[in-house]
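*Asks:* Residue numbers (the working numbering): 5 to 348.
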Amino acid sequence: MASTRNTFLLVITLLACTGPGCNAPETTDAGVDAGGDAGVDAGEDAGRDAGSDAGIVEDAGPPDAWVRLTLRDGGVAIGERIALYDHAIWWWEPSDERTHALFDPAGLAEWPEDRSLRFISSREVLAEERAPREGETYGDAMRSRGIVLERVPLDGVATVITGHERYHLEENGYGDFAWDLVRTDDRGDRFRGAGASNDDFFVWGAQVLAPVAGVVVEVVRDAPDQTPGTLDLDAVNNLVGIQVYGGYHVYLLHFEQGSIPPEIEVGARVEVGAPLGRVGNSGVSLEPHLHVTALAVDRDADPLRTWSVPCEWRGVWVSAGGRRARLEPHWVPSSDERLSSTSF
């Protein structure tokens, strides 16, 4: 949980990395949860339950998702509002501000031309009104460009212990649409015995597989793992960041120290299912788990930053409440759901 003044190192990499095969230098010192202050990524209910279910639905949003914002500087912003980040519940420097994420399909392009998302502070907005839909929806655009999670990043069955709710909403915009994944036994327990050591946890050391294809833009591999139940607010996460398309990325965090292979380096291209390393307990974490989120670059921010944005899983088997698993062509997982890329 580093200072919010820490710069997100992905931004530095992106400025040098303009496409597949780029040779930007590998970053070596990242902040918390993809360079931001994404809070305590543990399987505990570590914060207030803000009760958001703001993921993508089948038709990419309610009919009033398209808005027209009149700005105080005389400008106008029109787009599909895919998220509204509430600063009042943030852990660091909370305020009465909210940030609108507006999607414009006309701006979707390869990096560095991508201008499809605009993040606008409520303090810049003079008036808001509904607007007619203009072009492709966010959900359809993400699907057509392959900006979806193509597989569960763990073999077998994974359990979502925190989805896009509770403390993920408090992580200063870095975790609103993230998932924390673990493994459980038949009784639903996450660990054996007292859970006093990392290897008591069933997910510890599990192989992490790339859920998307893309170019690696950030790697941190040598940060130490934490002892379960302890919290180091200055700890660094081992992580892999993958650029999927344009300014859209998928980040995976809390790898076991030293488990990310040398071929996973900045500029390398990975395919779906490529081994990325093993689940650990590095960074700001109370127990071993895998944190997964899609992040989009805010090019207008000074300094540049990213925001956690909605993302779907494609072709995932889902079970909740003891019900039989079903195959979902497009899905946004929630807490307590069990997921797999194969039938179970």
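Glycine included, every Cβ here is placed at the ideal spot set by N, Cα and C.
1. With a threshold of 8 Å, are at least 3 pairs of Cβ atoms found where one atom belongs to the segment 138-155 and the other to the segment 122-130?
2. Just verifying my parser: in three-state terms, what is the DSSP assignment at Thr-171?
3. By Cβ distance, which residues of its chain are closer than 6 Å to Arg-119, with the 5 residues on each side in sequence left out?
4. Is it the case that the Cβ atoms of Trp-94 and Gly-209 are separated by a distance below 9 Å?
5. Taking 9 Å as the cut-off, decide whether the C-beta atoms of His-172 and Ser-312 are in contact.
6. Is the segment 161-168 in contact with the segment 177-187, if contact means three or more CB pairs nearer than 8 Å?
7. Cβ atoms of Ala-162 and Val-216: under 9 Å apart, would you say?
8. Arg-155: beta carbon under 8 Å from a heavy atom of the ligand MG?
9. DSSP three-state call for Glu-84: helix, strand or coil?
10. Check whether the segment 96-108 and the segment 148-157 are in contact - that is, three or more C-beta pairs closer than 8 Å.
11. CA-CA distance, Gly-281 and Gln-261?
12. With 16 as the cutoff for other CB atoms within 10 Å, does Ala-87 come out buried or exposed?
13. For Ala-227, which residues from the same chain have a beta carbon less than 8 Å from its beta carbon, with the 5 sequence-adjacent residues on both sides left out?
14. Comparing alpha-carbon positions, which option in Gly-325, Val-212, Ser-201 lies nearest Arg-191?
15. Can you give, in chain order, each stretch of the beta strand (DSSP E) that sits fully within the segment 265-291 and has at least 3 residues?
*Replies:* Looking at the coordinates:
1. no
2. A small fix is needed here, since residue 171 is Tyr in this sequence, not Thr. Helix at Tyr-171.
3. Gly-111
4. no
5. yes
6. yes
7. no
8. You won't find the ligand MG in this model; it holds no ligand whatsoever.
9. strand
10. no
11. 9 Å
12. buried
13. Ala-239, Val-240, Asn-241, Asn-242, Gln-261, Ser-286, Gly-287
14. Gly-325
15. 279-282
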